[in-house]
Amino acid sequence: MHVLIIGGGVIGLATAWRTALRGARVAVVDPAPGGGAAQVAAGMLAAVTELHYGEESLLALNLASARRYPAFTAELEDASGLGTGYRACGTLAVALDADDRAHLRELHALHRRCGLESAWLTGRECRRLEPMLAPGVRGGLRVDGDHQTDPRRLTAALLAACERAGVRFVRQRAERLSLSGDRAAGVVLADGTALEADQVVLAAGSESGRLAGVPREVLPPVRPVKGQVLRLRIPGPYAPFLSRTVRALVRGGHVYLVPRADGELVLGATSEEQGWDTTVTAGGVYELLRDAHELVPGITELPLVETRAGLRPGSPDNAPLLGPTALPGLHLATGHHRNGVLLAPVTGDALAQVLTTGELPEEARPFTPRRFDRTLQESPV
Ligand code: GLY
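Going left to right, the sequence shown walks through residues 1 to 381 as UniProt numbering numbers them.
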């Protein structure tokens, strides 16, 4: 069986690797595999701290993937010979004012209703845990189960593991999906070459909704959601700056600081509906630094080494689209929005299973693309 995956980002690569391990012949079409939103992402595995009302079924998928991370990481590092930067460091979500604190209290109550572990701390207890926090921190939630990985190292390891598992990389742009009768039959590349496949997986992140040749009724309703992210460096040999991910809701915007073991400190992220724009703006950088400085004043001493913007693949319900579409032979693995890195293990396994057995695992069934069939038929051209 020959599987063709359009998109070599973290989702496409995880799908390719897991599917190749099940014995399928797999090719990934991407001009620059290993790129995409994961090159910008901070890599928080934040199933609990990023929980939102009404997203309980997504929570179950997020938790399933978070639980899989230690074994997935160990297997991937073994298969690739590369580290991935997975760090079981936990997360502290803090509040700077009364509104933030009320929001965190609500989140804490939601955690309890969902049976999730999080502990309420006073401001003093937060600062005892993370002494770099501002004196004004009013309280926080300690979530020991929300960890991190390094998405750049993760994608490099996935690339190597794919190569070792025999995945073929076609370093070109997929121009259009080709059909044979009523089935997806492969892709046509930018240079006109036609590649055939028994099954095609569209895993092109925010670009997934605009591949030519995909019939309108199965075109995924994904859109780009811009995130600007900064990278700072704690000069080495560094004293501990933060020991875990620290995050807050400041004036309604999420800000987070993710400290890597190697001294990198990732500061994110804006969330902007700006179409395909990936400009880093003075305003975006200003707001991130302003909010993070209120949280951890010492960051302004650190070298700012990188500013970058990426595009999250947003979907109408913020959840991914996984598995077969109404077009035989065409599967989706896209729409992961804020959770692409977190959901890579469970997505790779779910797609590998459905591609090789025809059965989508139980945990992935609520995320079938078919849930949008009505919306798609009704949407204007
Ligand atoms: N999950 C973090 C973000 O998308 O910014």
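Note that beta-carbon positions come from the ideal geometry of N, C-alpha and C, so glycine has one too.
- Close-in-space but distant-in-sequence residues of the same chain around V143 (CB under 6 Å, 5 per side omitted): In chain order, V48, T49, T91, S118 place their CB closer than 6 Å to the CB of V143, counting only its own chain and leaving out the 5 sequence neighbours on each side.
- Item | DSSP-derived helix/strand/coil call for G253 | Of the three classes helix, strand and coil, the one that applies to G253 here is strand, per DSSP.
- Item | When L107, L4, P235 are compared against P259, the one with the closest alpha-carbon | The residue with the shortest Cα to Cα distance from P259 is P235.
- Ends of the beta strand (DSSP E) at F169? 168-170
- Item | E207 - partner residues in DSSP beta bridges | In DSSP, E207 forms no bridge with anything.
- Message: At the level of alpha carbons, what is the spacing between R18 and G348?
- Response: 6 Å
- Reduced DSSP secondary structure (H/G/I, E/B, other) of L327: coil
- Item | Beta-carbon separation (whole angstroms), A102 vs G140, contact threshold 8 Å | Not quite, the Cβ-Cβ distance comes to about 13 Å (not below 8 Å), so this is no contact.
- Going along the chain, which unbroken runs of the beta strand (DSSP E) with 3 or more residues stay wholly within the stretch 146-188? 168-170, 174-180
- Does the ligand GLY have a heavy atom nearer than 7 Å to the CB of R105? The answer is no for R105.
- Nearest to L332 by CA position, among P324, F169, R173, is which residue? P324
- Item | Alpha-carbon to alpha-carbon, A269 and A79 | 32 Å
- Query: Quick one: what's G140 bridged to in DSSP?
  - Reply: V94, L121
- Message: Taking 8 Å as the cut-off, does the stretch 54-63 touch the stretch 123-142 (at least 3 CB pairs, one atom from each stretch)?
- Response: no
- Query: Candidates N339, F72, M1, A364: which alpha carbon is nearest V225's?
  - Reply: N339
- Using alpha carbons as the reference points, say which of E359, P345, V354, P361 lies closest to R68. P345
- At a cut-off of 7 Å, is A119 close to the ligand GLY when judged by its beta-carbon and the heavy atoms of the ligand? no
- Message: Rounded to whole angstroms, what is the Cα-Cα separation between L242 and D291?
- Response: So the alpha carbons of these two residues sit roughly 16 Å apart.
- Task: Along the alpha helix (DSSP H) that carries L133, what are the first and last residues, could you check?
- Result: No alpha helix (DSSP H) contains L133, which DSSP labels as neither H nor E.
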